[in-house]
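The listed protein sequences correspond, in order, to chains A and B. Following the working numbering, the numbering of the first sequence begins with 99 at its first residue and continues without gaps. Following the working numbering, the numbering of the second sequence begins with 99 at its first residue and continues without gaps. Here a beta-carbon is modelled for each residue, glycine too, at the ideal position from N, C-alpha and C. All of these numbers come straight from a predicted model, not from anything done at the bench.
2 protein chains.
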Amino acid sequence: MPPTRWGDPAHAGPLPEAVRDLVGLVFELSDTPAAADVAVPAPQLPAELVTGLRAVVGEEHVVLDDASRRQRTRGKSTPDLLRQRAGDLSDAPDVVVRPGDHDDVQAVLDYAQQHRIAVVPFGGGTAVTGGLVAEREGFAGVISLDLGRMRSLLALDPVSSTATLGPGLRGPEAEALLAEHGLMLGHYPQSFEFATIGGFAATRSSGQSSAGYGRFDAMVVGLRVATPQGEARLGGTSPSNASGPDLRELFLGSEGAFGVITEVTVRVRPRPAVKEYEGWQWSSFAAGADAMRTLAQSDLLPTVIRLSDENETAINLARPDAIGGEGSGGCLMIVGYEGTPAAVAAKKAAVTTALTGLGGTPLGAEPGEAWAAGRFNAPYLRDSLLDVGVLVETLETVTFWSNRERLYAAVKSALEEALGEGTMVLCHISHVYATGCSLYFTIAEAGGEDRLERWLKAKAAANDAIVAAGASITHHHAVGTDHRGWLTPEIGEVGVAVLRAVKRELDPAGILNPGVLIP
Amino acid sequence: MPPTRWGDPAHAGPLPEAVRDLVGLVFELSDTPAAADVAVPAPQLPAELVTGLRAVVGEEHVVLDDASRRQRTRGKSTPDLLRQRAGDLSDAPDVVVRPGDHDDVQAVLDYAQQHRIAVVPFGGGTAVTGGLVAEREGFAGVISLDLGRMRSLLALDPVSSTATLGPGLRGPEAEALLAEHGLMLGHYPQSFEFATIGGFAATRSSGQSSAGYGRFDAMVVGLRVATPQGEARLGGTSPSNASGPDLRELFLGSEGAFGVITEVTVRVRPRPAVKEYEGWQWSSFAAGADAMRTLAQSDLLPTVIRLSDENETAINLARPDAIGGEGSGGCLMIVGYEGTPAAVAAKKAAVTTALTGLGGTPLGAEPGEAWAAGRFNAPYLRDSLLDVGVLVETLETVTFWSNRERLYAAVKSALEEALGEGTMVLCHISHVYATGCSLYFTIAEAGGEDRLERWLKAKAAANDAIVAAGASITHHHAVGTDHRGWLTPEIGEVGVAVLRAVKRELDPAGILNPGVLIP
């Protein structure tokens with residue numbers, strides 16, 4: 099992945115004319131292309147430690163060249179991109195180390211602990227909350243531990259419907275390996291094409307089919323983890339049990355701070371014979387959200403369900419006529435069904451009856467297919483918008499149903515107030531539970547000279563609003579360094595004390611991704 | 099609940115003639131009624147500490163009489179009953195303390211920490227793995243912290259479908275409070291009538307409707323916990339999130355070792371309009387288990403599904419003609435549907451088609467209704483059998499589907515070998531997942547003078563077999579003190595180190611339920 103842009107260069111490109119025209123209605127565009135690649139700071143790690151690492155994992159798997167280190171500098175948040183475009187590569191790792199298996203990872207951790215080198219696990223590099231920015235102070239240097247060689251299907255148990263996957267497998271690679279056996283995982287976050295199995299587990303990722311297939315953490319059956327105190331194998335005995343606390347849930351979401359995930363055992367499923375996506379129109383965001391709530395509380399969720407608010411419906415379609423004409427105030431819902439023909443037919447019939455009864459208007463397959471075709475493309479669009487001077491960023495949160503409207507209004511007004519006139523705040527709900535739902539905000543603003551500072555101020559205001567509303571600081575983007583300052587109110591002092599105690603126990607030298615997660 | 103017997107005296111009684119006849123076919127019966135109530139050791143806690151506790155929670159809520167302490171001595175495992183029948187009340191607590199709310203609990207913990215008094219949280223007293231037996235050494239005494247006054251519906255959020263319940267609410271009490279609002283929880287373990295909400299959470303209980311409503315831990319949305327280091331509130335922001343590790347999962351199953359659960363917020367549901375239970379016949383345990391697996395992996399589970407092996411089918415029905423005549427080798431499956439008429443009809447149609455296609459024979463409603471009528475009665479029968487000298491005990495485990503047959507054979511032969519001739523080992527599957535299932539064994543043997551020792555030896559052999567087969571030491575009975583010796587192979591040295599680190603952090607004086615859970 100090129101360092102300053104999202105994804106596959108073949109998919110990237112200038113802003114499509116249609117979108118450019120639309121955005122032009124709101125903002126004045128200026129062409130500000132990405133800064134040329136800038137110099138990477140020289141590696142700080144003493145030469146003898148580089149030599150030592152080479153002895154651990156092999157000469158060719160310890161890499162120090164500029165391109166390799168630039169590619170593994172920070173993640174893909176808009177602040178990450180802006181810093182890089184501004185020529186700031188100060189967070190570059192000193193060295194990229196590429197272990198081949200669990201034992202390699204364990205050996206690197208042992209060496210790093212002994213020599214006090216910080217270790218930042220690296221999967222797809224798609225982090226958006228500062229999870230790839232190690233604190234350097236007190237360390238001999240920073241290793242980017244690239245898990246890209248660990249890309250095997252390690253085990254498959256078709257009777258139990260489980261597969262054990264290497265942490266470096268990207269979404270499509272994992273699906274391709276499973277497809278050879280007629281199976282699938284079904285985890286499709288927007289970062290699907292580049293993000294990795296280990297990263298999904300370490301950050302509690304959630305994909306676009308979470309209604310049908312669950313969050314990634316709910317798909318996980320077992321984990322193998324290398325820690326400075328040795329190996330942990332969790333969940334290896336059973337789907338669920340009463341053998342004390344569920345320690346899988348302590349490593350899921352631990353963002354490399356407690357150990358490096360080296361194997362992930364997941365529930366797999368037969369590949370669906372049928373996939374149908376369709377659109378529904380709702381008179382308001384509230385009406386659509388209430389319908390989602392009813393489905394979730396009736397245990398009647400389809401595979402995919404997402405609802406755009408009025409703003410997002412208008413701008414994303416870029417077709418004001420599509421939903422009942424301009425100014426109709428409508429909201430678009432995408433509903434997707436996957437499975438056997440019989441299961442899809444039965445679910446679709448029941449959901450259609452329910453949604454119709456709740457006041458929804460079916461829009462047929464076209465909006466659904468259009469969404470499915472472009473489901474992973476938003477990050478490309480973000481780069482193109484940045485090229486023309488428009489800053490686009492996203493943030494997300496989750497709360498209980500009864501708090502949804504309050505949270506929506508609070509975050510929206512915090513962002514609008516912080517960023518001022520000419521800001522567009524869009525929102526959708528794409529993850530629902532019986533008791534609550536996520537809210538995913540997209541913010542576009544014309545920006546200016548101080549774009550980064552203005553965004554960071556707006557993001558802080560949104561975070562404050564989220565905490566004040568009693569919601570969670572993140573539904574599926576993890577804590578990283580960006581959210582760390584807002585974690586304590588969410589989990590409390592006792593919760594923080596527990597995280598610190600586990601960290602001290604497993605990583606007494608504090609080498610594991612220093613600075614992330616733990617306040 | 100009387101101390102040496104199960105449950106409500108009105109439901110207890112001598113062994114029904116039909117069952118007595120059946121058991122008589124296998125064992126020689128001898129009448130050995132329960133020992134008369136024996137003396138309780140005098141309280142060890144110094145008088146000034148009793149006075150101190152009275153100042154904390156109020157005079158009337160600190161109780162030292164024999165009956166109160168006898169009732170809170172150990173739990174309801176067969177070894178617990180045998181020790182009590184043998185006159186051994188050496189594990190009686192010194193004092194029963196009854197806090198009225200979270201602040202009371204916190205104050206008791208603060209006092210107990212200061213004066214080094216062990217605290218054993220007490221709910222329904224239905225523990226079967228030694229969770230109510232505190233190690234006394236090094237403590238000034240042992241408090242039984244009876245949560246029976248904390249029996250309120252503390253909050254209800256009908257929009258989000260959540261309810262916050264006091265930890266001392268027994269199953270029927272919680273359901274009655276929710277029923278006033280047309281809602282229910284749906285957690286029906288065999289101990290339902292007596293066990294409490296706090297206990298369900300602390301032990302990761304699983305109920306007979308787990309296929310439809312989930313394990314208790316999966317119903318939990320939030321927890322409030324009093325620890326010696328202060329209050330923890332977990333899960334209060336959202337159903338699920340990516341804000342680091344899920345710390346709810348560290349307190350669920352912590353058996354009072356990390357804190358005392360003072361509030362439990364759960365997902366609730368509308369009360370079902372329809373409940374239908376029916377029987378199905380399978381040619382073998384394996385055929386029925388494969389059918390359960392197919393349903394689970396197709397996301398097509400009914401509300402209740404359980405399957406008895408050949409032995410359990412024969413003896414539980416006590417009607418050899420009911421399933422195709424004597425020696426048919428059949429296995430009985432109970433399938434239950436609950437919900438709205440439309441949802442029940444749709445699920446029943448789909449499940450019926452699936453089970454018929456897999457070779458099952460429908461037996462109609464009668465076996466299902468019979469099961470539902472007696473679903474909580476097995477522990478009463480156990481007491482009556484003990485009265486006539488037959489020892490009945492249960493143990494359970496869980497594994498992945500591909501390991502089911504191996505585990506079944508290994509545990510069965512370990513028990514039969516350890517207990518010798520004249521032992522009946524019955525088994526059923528009552529909790530299923532996409533990736534695996536539980537196995538619940540019932541063992542009956544004529545016993546003799548050394549019943550307790552022989553059972554403990556057999557239980558250890560079964561535990562060894564479970565560990566050797568790579569399964570979990572418990573699906574829903576928790577670790578307590580009885581399973582503690584088998585936990586390390588399951589969670590590993592690093593897992594144990596994590597539990598110890600959390601314990602040190604939250605309970606540095608080690609006063610919380612000392613001896614349970616942590617190896």
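Beta carbon of residue i nearer than 8 Å to that of residue j
i, j, result
"B:T540", "B:L550", "no"
"A:M390", "A:V509", "no"
"A:V240", "A:R247", "no"
"B:T335", "A:T497", "yes"
"B:S500", "A:V257", "yes"
"A:V160", "A:T360", "no"
"B:G593", "A:L321", "no"
"B:G434", "B:P477", "no"
"B:P265", "B:L281", "no"
"B:L147", "B:H213", "yes"
"A:T459", "A:W584", "no"
Cβ neighbours of residue i in the same chain (closer than 7 Å, five flanking residues each side left out)
i, result
"A:A133", "Any reading at A:A133 must be qualified, since the residue scores a pLDDT of 49, below 50, and its modelled position is unreliable; no value is offered."
"B:A180", "Checking the displayed sequence, the identity of residue 180 of chain B turns out to be Leu instead of Ala. Result list for B:L180: R549 and L550, in chain order."
"A:L350", "A299, R302, D315 and V318"
"B:A309", "L399, P400, T401, V402, I403 and V530"
Residues near residue i by beta carbon distance below 8 Å, same chain, minus five either side
i, result
"B:N611", "A216, V217, V218, P219, G229, A232, E353, G354 and A355"
"B:R473", "Y286, Q288 and Q306"
"B:Y209", "G150, L151, V154 and I215"
Burial state of residue i (16 or more Cβ within 10 Å)
i, result
"B:E43", "Residue 43 of chain B is absent from the model: chain B starts at 99 and stops at 617."
"B:T294", "buried"
"B:P343", "buried"
"A:S188", "exposed"
"B:P439", "exposed"
"B:A387", "buried"
"B:K601", "buried"
"A:A563", "buried"
"A:K445", "buried"
"B:T533", "buried"
"B:E547", "exposed"
Minimum C-alpha distance to residue i - residue among the options
i, options, result
"B:R582", "B:A559, B:I564 and B:I616", "B:I616"
"A:R504", "A:L493, A:S528, A:L537 and A:E491", "A:L537"
"B:G664", "B:Q142, B:Y375, B:P337 and B:V193", "Any property of residue 664 of chain B remains undetermined from this structure, which presents chain B solely from 99 to 617."
"A:S289", "A:T224, A:N339, A:G386 and A:T260", "A:T224"
"A:V136", "A:G156, A:A165, A:E146 and A:Q142", "A:A165"
"A:F383", "A:E408, A:A394, A:V366 and A:S396", "A:E408"
"B:V358", "B:P337, B:G105, B:D201 and B:G568", "B:D201"
"A:E519", "A:R552, A:L585 and A:T495", "A:R552"
"A:G221", "A:G198, A:E146, A:L254 and A:R268", "A:R268"
"A:I527", "A:E494, A:A507, A:T586 and A:A556", "A:E494"
"B:A559", "B:A516, B:G236, B:G613 and B:A448", "B:A516"
"B:G173", "B:E464, B:T411, B:V226 and B:A599", "B:V226"
Check: residue i C-beta below 7 Å from any heavy atom of the ligand NAD
i, result
"B:F383", "Ligands displayed in this structure: none; no statement on the ligand NAD is therefore possible."
Nonlocal neighbours in the same chain, by C-beta distance under 6 Å from residue i, ignoring five residues either side
i, result
"A:T521", "E514 and E543"
"B:L207", "A324 and P326"
"A:R331", "R322"
"B:P191", "R167, R170, V240 and S242"
"A:H574", "S303 and S304"
"B:G422", "Confidence at B:G422 is low in this model, with a pLDDT of 44, below 50, so its placement is unreliable and the value that follows should be read with caution. Contacts found: G428."
Requested in this report: Determine which residues of the segment 150-180 of chain B have a Cβ less than 8 Å from any Cβ of chain A, and write them out in chain order.
Outcome: Cβ contacts with chain A come from no residue of the segment 150-180 of chain B.
Requested in this report: Output, in sequence order along the chain, the residues in the segment 288-299 of chain A whose CB is closer than 8 Å to any CB in chain B.
Outcome: Hits within the stretch: zero.
Query raised in the report: Which residues, in chain order, does the segment 323-334 of chain B contribute to contact with chain A at a C-beta distance below 9 Å?
Result: From the segment 323-334 of chain B, only V323, T325, Q327, G328, E329, A330, R331, L332 and G334 have a Cβ closer than 9 Å to chain A.
Query raised in the report: Which residues, in order along the segment 447-458 of chain B, keep a beta-carbon less than 9 Å from a beta-carbon of chain A?
Result: Residues passing the 9 Å Cβ filter: A447, A448 and T451.
Report task. Output, in sequence order along the chain, the residues in the segment 239-262 of chain B whose CB is closer than 7 Å to any CB in chain A. Result -> Result list: D255, V257, S258, S259 and T260.
Query raised in the report: Taking any Cβ of chain A, which residues in the segment 499-515 of chain B have a Cβ under 7 Å from it, in chain order?
Result: Listed in sequence order: W499 and S500.
**Report entry** Interfacial residues, the segment 197-224 of chain B to chain A, with Cβ spacing under 9 Å
**Finding:** Hits within the stretch: zero.
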